[in-house]
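In this note's numbering, the protein residues as written are 745 to 960. Where is the CB? At the ideal position from N, CA and C, for every residue including glycine. None of the values given here were measured: they were computed from a predicted structure. Reviewing the structure listed below.
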Amino acid sequence: MLRLNRRIAWVWPVLLVAGLVFVVAFRTWSGWATRPMAASTDAAEGVIKGHADDAAAVARRIRQLEAAIEQTQQALADLAATATRKREQADTLRTMCESDQLTECPPFLHEDATVRALQKIIREADGATPAGDDRQARLATAAAVARERLRARLTALHDQLRNEIVDVEERAAVLGQRLRIESRDLPRLRQQVDHRLDRSTAGAEAGSTAPRLPTD
745 MLRLNRRIAW VWPVLLVAGL VFVVAFRTWS GWATRPMAAS TDAAEGVIKG
795 HADDAAAVAR RIRQLEAAIE QTQQALADLA ATATRKREQA DTLRTMCESD
845 QLTECPPFLH EDATVRALQK IIREADGATP AGDDRQARLA TAAAVARERL
895 RARLTALHDQ LRNEIVDVEE RAAVLGQRLR IESRDLPRLR QQVDHRLDRS
945 TAGAEAGSTA PRLPTD
């Protein structure tokens, strides 16, 4: 009996040590086995985040491009309105000269002091009461000179407007080319965002269905 008790007392420490060794070995093996899976998961998450960051960057570029397109369209609309207004003014001046309606004063000529002064001379000469031959001759001469100067002034304004119209049309052509380039790039960038989001979604779905080993 004494010998049996001695054997039991000796066996228990051995079993305890063996159990501790087994537990340590099992945990070590478990950590080693799950390490590749964890590394693979981290890599997949990194790829997904990279696609999402790329998509966000392209989305910012799209917003900037859309704002630029809106500004270009507004600038083109302003130039078109300016060109239309100047054409109408040029047509009015041409009609005044061709029909000899030199005393007409459309709104855009109200601030032209030269035109207003010459028109005043013509009106005063046309509205003067009959007087002596000398005075009548002087009025007629003054009116004739004023008409020639006014015609020259209106012609110069007409030519200036035509040159300004050409300049506006050239600027509109440049903006139109820019708008075509910006509009052409927009669908391509949107396609890039869709492609990156699709890849990010596919990566996330693949990561969610991948088997995972216990780490404890």
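Give the straight-line distance between the Cα atoms of A834 and L919, rounded to the nearest whole angstrom. 24 Å
Tell me which residues share the same chain as R831 and place their Cβ nearer than 7 Å to its Cβ, disregarding the 5 neighbours each side in the sequence. I909
C-alpha gap between E926 and D798, whole angstroms: 20 Å
Between A812, A861, H939 and R891, which lies nearest to D844 when the distance is taken from Cα to Cα? R891
Around the Cβ of V912, are there at least 16 other Cβ atoms within 10 angstroms (buried) or fewer (exposed)? buried
Residue range of the alpha helix (DSSP H) that includes L862: A857 to G871
Pair every Cβ in the segment 855-868 with every Cβ in the segment 811-822, then say whether three or more of these pairs are closer than 8 Å. no
Alpha carbon to alpha carbon, how far is E914 from R805? Give it in angstroms, no decimals. 28 Å
Counting only the same chain and skipping the five closest in sequence on each side, list residues whose C-beta sits under 7 Å from that of T847. Q863, I866 and R867
Alpha carbon of L901 to alpha carbon of C841, nearest angstrom: 11 Å
Quick test of your reading: V859 and L894, contact by CB under 8 Å. State the CB separation rounded to the nearest angstrom. 7 Å
Look at the Cβ atom of A861, then the Cβ atom of L883, and state whether they are nearer than 9 Å. no
Three-state secondary structure assigned by DSSP to C841: helix
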